[in-house]
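Colleague:
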Amino acid sequence: MAKIALLGSGFIARFYADSLHGLRSRDRIVTVYGRRKESAEQLARDYQVPGWTTSLEEAINDPEADAAVIALPNYLHEEAVMACVKAKKAILCTKPLGRNAAEALRMLRAVENAGLFHGYLEDLLYTPKTLKALETVRKGALGEVLWTRSREAHPGPHSDWFWDSEAAGGGAIVDLGCHCIEIGRAYIGKDIKPVEVMCWADTLVKPIEAEDNAVGLVRYANGAVSQFEVSWTFRGGLDLRDEVMGSEGTIWVNNFLRTGFEIFTSGQGSGYVAEKAESSQGWVFPVGDEVHELGYNTMFAEMFNCMESGAAPAETFYDGYIVNAVMDAAYRSAGTGQWEPVQLEVWRGKESAEKRGLAKEYDDRHYLIKEEMTHYGTVKLILKEKQTGRIIEVEKQPGDNPDLPGEDI
Ligand SMILES: NC(=O)c1ccc[n+]([C@@H]2O[C@H](COP(=O)([O-])OP(=O)(O)OC[C@H]3O[C@@H](n4cnc5c(N)ncnc54)[C@H](O)[C@@H]3O)[C@@H](O)[C@H]2O)c1
Numbered sequence: 152m153a154k155i156a157l158l159g160s161g162f163i164a165r166f167y168a169d170s171l172h173g174l175r176s177r178d179r180i181v182t183v184y185g186r187r188k189e190s191a192e193q194l195a196r197d198y199q200v201p202g203w204t205t206s207l208e209e210a211i212n213d214p215e216a217d218a219a220v221i222a223l224p225n226y227l228h229e230e231a232v233m234a235c236v237k238a239k240k241a242i243l244c245t246k247p248l249g250r251n252a253a254e255a256l257r258m259l260r261a262v263e264n265a266g267l268f269h270g271y272l273e274d275l276l277y278t279p280k281t282l283k284a285l286e287t288v289r290k291g292a293l294g295e296v297l298w299t300r301s302r303e304a305h306p307g308p309h310s311d312w313f314w315d316s317e318a319a320g321g322g323a324i325v326d327l328g329c330h331c332i333e334i335g336r337a338y339i340g341k342d343i344k345p346v347e348v349m350c351w352a353d354t355l356v357k358p359i360e361a362e363d364n365a366v367g368l369v370r371y372a373n374g375a376v377s378q379f380e381v382s383w384t385f386r387g388g389l390d391l392r393d394e395v396m397g398s399e400g401t402i403w404v405n406n407f408l409r410t411g412f413e414i415f416t417s418g419q420g421s422g423y424v425a426e427k428a429e430s431s432q433g434w435v436f437p438v439g440d441e442v443h444e445l446g447y448n449t450m451f452a453e454m455f456n457c458m459e460s461g462a463a464p465a466e467t468f469y470d471g472y473i474v475n476a477v478m479d480a481a482y483r484s485a486g487t488g489q490w491e492p493v494q495l496e497v498w499r500g501k502e503s504a505e506k507r508g509l510a511k512e513y514d515d516r517h518y519l520i521k522e523e524m525t526h527y528g529t530v531k532l533i534l535k536e537k538q539t540g541r542i543i544e545v546e547k548q549p550g551d552n553p554d555l556p557g558e559d560i
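When we follow the working numbering, the leftmost residue of the sequence shown carries the number 152, and every step to the right adds one.
#1: Assign P247 to buried or exposed, taking buried as 16 or more other Cβ atoms, counted over all protein chains shown, within 10 Å of its Cβ.
#2: Using the C-alpha atoms, what's the distance from A153 back to C331?
#3: Can you tell me where the beta strand (DSSP E) with K511 in it begins and where it stops?
#4: Please specify which runs of the beta strand (DSSP E), each continuous and at least 3 residues long, are wholly inside the segment 285-325, giving them in chain order.
#5: Nearest-angstrom Cα distance between V366 and G388?
#6: Quick check on DSSP: helix, strand or coil for P214?
#7: Using a threshold of 7 Å, is the CB atom of I163 nearer than that to any non-hydrogen atom of ligand 1?
#8: Is S382 near ligand 1, with its Cβ less than 7 Å from a heavy atom?
#9: Our contact map puts A231 next to N373 with C-beta atoms below 8 Å; I'd like the distance itself, whole angstroms only.
#10: Taking the beta carbon of I155 as the centre, do at least 16 other beta carbons fall within 10 Å, making it buried, or is it exposed?
#11: Compute every distance between the C-beta of G320 and the non-hydrogen atoms of ligand 2, then say whether any falls below 7 Å.
#12: Would you tell me roughly how many angstroms separate the C-alpha atoms of G400 and G322, rounded to the nearest one?
#13: Counting Cβ pairs closer than 8 Å, one from the segment 389-399 and one from the segment 282-297, do we hit at least three?
#14: Using 8 Å as the cut-off, can you tell me whether the segment 213-231 makes contact with the segment 190-200, which would need three or more C-beta pairs spanning the two stretches below that distance?
#15: How close, in whole Å, do the beta carbons of L445 and D274 come, if the pair is a contact with beta carbons under 8 Å?
#16: Out of curiosity, what's the CA-to-CA distance linking F415 and L223?
#17: How close, in whole Å, do the beta carbons of V236 and A265 come, if the pair is a contact with beta carbons under 8 Å?
#18: Which value, in whole angstroms, describes the spacing of the CA atoms of V325 and D213?
#19: Is the beta carbon of R250 sitting closer than 8 Å to the one on G159?
#20: Using 8 Å as the threshold, is the C-beta distance between T299 and G328 below it?
#21: Spatial neighbours of I359 within its chain, please: CB distance less than 6 Å, with the 5 preceding and 5 following residues excluded, ordered by chain position.
#22: Under a three-way DSSP split, which group does I163 fall into?
#23: Does DSSP put I560 in a helix, in a strand, or in coil?
#24: Check D578 in the structure and name its three-state DSSP category.
#25: For R386, tell me which candidate among N406, T287, F451 and S430 has the shortest Cα-Cα distance.
Next comes the structure, spelled out in structure tokens:
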């Protein structure tokens, strides 16, 4: 059983509390910190938490708590982590780990030097669909992952501090891109080095300093590319979609918004539909079990199982640091308009990775570029002669073995 100090009593803290206390969980929140007395007290009441406080130090040092869950604005993550390190508590921190890689690296070093259990609460890697998709990729069903695309777009965040680039560390990239970047990284392989980033970012709609829209490409050492698309001005709800393209297969994942559950309502008796839903009238697109479908249940189960068994969870502060370093490169690229290198002071994967030879042999003399059944009943082969490099086209009947032109080797 984990005994938890919940640091924060806002939006994500309540999702976390739903998950931590849901379904007769044996893990319990023993105290909750909130900046405002009313919100801390209310969360404590709603979730039967015995203690609440408006002092961060007091919550972290609660002798009943053996782990702290950080659910605070981005600019308070480092301060909270350092206070937890001082108190020698296990730490689970929400995303993004830092406002930038320098903050994230200080946090990573502090928890590792103190030998503390640490988890990075990247819930979108724990959604039921993503877990199944990742397992499918690991078993080889997609062959080599060539590119990935991850999109998170909604009409903008729900609290003032997100919109202040100093407090948040940026705009839509740091808020949403962190999810997309880690999703792409997980599909491509966490031991493959992210090398450089090309990113477009702009402030298209909102009167803010930070970017409200961005698209970026992260190039990995093995030639794979992951694309992230983020928006704080998307109309229509919370769009969470991922694609993986491999040499042998494809995955499309829709985690939210259009998952096959659709309701029409005149608006009578309407209320909450789903996170960031913009309408509760007409056709609406709810989510069956938001807490589970966003990955919170599986995430906390894995985190606390690992804490108890002394293992490292799938997502640690190291992963949070890598994501911050990729985002730093994205911001540099958005400024220069150039590919910018990902600067990693700490890297624990492979230094380099070869592009794998994916060309298919047709026979001793030819590579197969493409085989296609035509609508008029023949099969077209596009081949490359190994010796001359010439590309040829051969038409055959299904099942035939045609004589191919070209010299014998
Ligand atoms: N899917 C996810 O993983 C996910 C989703 C939403 C938010 N988050 C992350 O959770 C963290 C908190 O976000 P949130 O949406 O819960 O924010 P929020 O504004 O709803 O809540 C912030 C909490 O921090 C407390 N706080 C303490 N000092 C504060 C200060 N000076 N200014 C503002 N709040 C202060 C508030 O009392 C409140 O309890 C952020 O790092 C955010 O990126 C993660």
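Idealized CB from N, CA, C, for every residue including glycine.
Modeller: On the basis of the coordinates in this document:
#1: buried
#2: 29 Å
#3: K511 to D514
#4: 296-304
#5: 19 Å
#6: P214 falls in the coil class under three-state DSSP.
#7: yes
#8: no
#9: Between N373 and A231 the Cβ distance is about 36 Å, and since that is not below 8 Å, they are no contact.
#10: buried
#11: In terms of ligand content, the structure shown lacks ligand 2 and carries ligand 1 instead.
#12: If you draw a straight line from the Cα of G400 to the Cα of G322, it is about 34 Å long.
#13: yes
#14: no
#15: 5 Å
#16: 36 Å
#17: About 5 Å separates the two Cβ atoms, so the contact holds.
#18: 31 Å
#19: no
#20: no
#21: W314
#22: helix
#23: In this predicted model, I560 has a pLDDT of only 42, less than 50, meaning its place in the structure is not dependable enough to derive any value.
#24: This structure gives no information on residue 578, because the portion of the chain shown stretches from 152 to 560.
#25: When only C-alpha atoms are compared, the closest one is S430.
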